[in-house]
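Q:
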Amino acid sequence: MLIEDEVYYCGFNSIKSAGANAYFIARPGGNWLVSTPKFVPHLVNKFEKLGGVKHIFISHRDDLGETEKYQERFRSNTIIHRKDLDCYPQAGTVLEGQEQIDFEPAFKIIPTPGHTEGHCMLLYHDKFLFTADSLRFNRETLQVELWNPYWTWFSYQAQVDSVARLHRYRFQWILTSHGQRVKLAEAEMSENLKRAIEKARAEPNPEPCDEQRLRNLEYYIGELRKLNQHVYANKIDQKAEFIRQTAVELNSLQATISTDIEFANKWHFPDAQDWNVVCKFWQSCS
Ligand SMILES: [Fe+2]
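For the record, in the sequence shown the residue sitting at position 237 is 236 according to numbering that gives the first Met the number 0, with numbers rising by one throughout.
#1: Quick one: what's got a C-beta closer than 8 Å to E5's C-beta in the same chain, skipping five residues either side?
#2: If you draw a straight line from the alpha carbon of C9 to that of I173, how long is it in whole angstroms?
#3: Runs of 4 residues minimum, wholly inside the stretch 137 to 225: which ones carry the alpha helix (DSSP H) assignment?
#4: Using beta-carbon positions only, say whether R60 and Q179 come within less than 9 Å of one another.
#5: Rounded to a whole number of angstroms, what is the C-alpha to C-alpha distance between V159 and S133?
#6: Check P269 in the structure and name its three-state DSSP category.
#7: Helix, strand or coil for A19, going by three-state DSSP, please let me know.
#8: Just to confirm, does H54 get its C-beta within under 8 Å of one of the non-hydrogen atoms of ligand 1?
#9: Taking the Cβ atom as the reference point for each residue, do G51 and F73 lie within a distance shorter than 9 Å?
#10: Which residue or residues does DSSP assign as beta-bridge partners of C9?
#11: Is DSSP giving A131 helix, strand or coil here?
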């Protein structure tokens, strides 16, 4: 489906990339795929008619999808950042560092660590920003916003810093891997981005340590294992283990404090009020 100019939404989202959107850019010098959809004849034949796929941009390790099949079919060059390279070691172009990488005259690849360490965005013609899993448009508030800390695997703070660096770029479209894409006038986009960064910097709990976060991490570990990314899955499991241990320690501490409060209240100890304050403090931490 044509979005605008020569940028298409592919559809046929693949479960192998957690249902991520994939996009096709038709270029006279060779076409691009931004993430890969399902490898289905309908799309393969269409890409064939449009001249094949010269480059496949892998924004980060979760959106590998059907890269291998498309790469083999079209002998495409595959592009990924070194920090996520272990998920696709045979990649043809390995991006290094945190500075923008220019690719052909119209493409800028922007390393944006946060969601994963090797997460990158792709800017095409200073108009279309493929944001992968760090920026989206909220359908309810009608605002651009960062992905929340519960779905940020590497570092929320790094993600905020990465998105803050986007201020130096001009663009009108945000084309997401998940969720709503949007086109805004450049000035409006810039204002939206500014508000999104302010909101993200004020996030009260950038590294949540609770049940929901643990569930998300465990889901992600399961997905990584399905993709045979076991080394990285183990790394994420260390993060999950930290939350499990913290929960055990907090529960044990709360149990001790609750018993002490009961005791202090029963015998009218003068410090009962203080214990109440301490208890509330720990409850607020959990
Ligand atoms: Fe992702």
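C-beta: ideal position from N, C-alpha, C; glycine also.
A: Quick answer:
#1: Sequence index remark: in the sequence shown, residue 5 carries index 6 (1-based). Cβ within range, chain order: I24, A25, R26.
#2: By one-based count along the sequence shown, residue 9 stands at place 10. By one-based count along the sequence shown, residue 173 stands at place 174. For C9 and I173, the distance between alpha carbons rounds to 16 Å.
#3: The DSSP assignment places 155 to 163, 185 to 200, 210 to 225 as complete runs of the alpha helix (DSSP H) inside the stretch 137 to 225, in order along the chain (cut-off: 4 residues).
#4: Within the sequence shown, the letter at position 61 stands for residue 60. Within the sequence shown, the letter at position 180 stands for residue 179. No.
#5: Sequence index remark: in the sequence shown, residue 159 carries index 160 (1-based). Sequence index remark: in the sequence shown, residue 133 carries index 134 (1-based). V159 and S133 have their C-alpha atoms spaced approximately 9 Å apart.
#6: Taking the first residue of the sequence shown as 1, we reach residue 269 at position 270. Interpretation of P269 is limited by its pLDDT of 48, a score under 50 that renders its predicted location unreliable; the figure taken from the coordinates is listed afterwards. Here P269 carries a coil assignment [DSSP, helix/strand/coil].
#7: In the sequence shown, counting from the first residue as 1, residue 19 sits at position 20. Strand.
#8: For the purposes of this step, residue 54 is taken as residue 55 along the sequence shown, with counting starting at 1. Flag unset: Cβ of H54 not near ligand 1.
#9: The residue given as residue 51 occupies position 52 in the sequence shown. The residue given as residue 73 occupies position 74 in the sequence shown. Yes, they are a contact pair.
#10: On the sequence shown, position 10 is the one that residue 9 refers to. Answer is none; C9 lacks a bridge partner.
#11: Along the sequence shown, one-based indexing puts residue 131 at 132. Looking at A131 - three-state DSSP - the assignment turns out to be strand.
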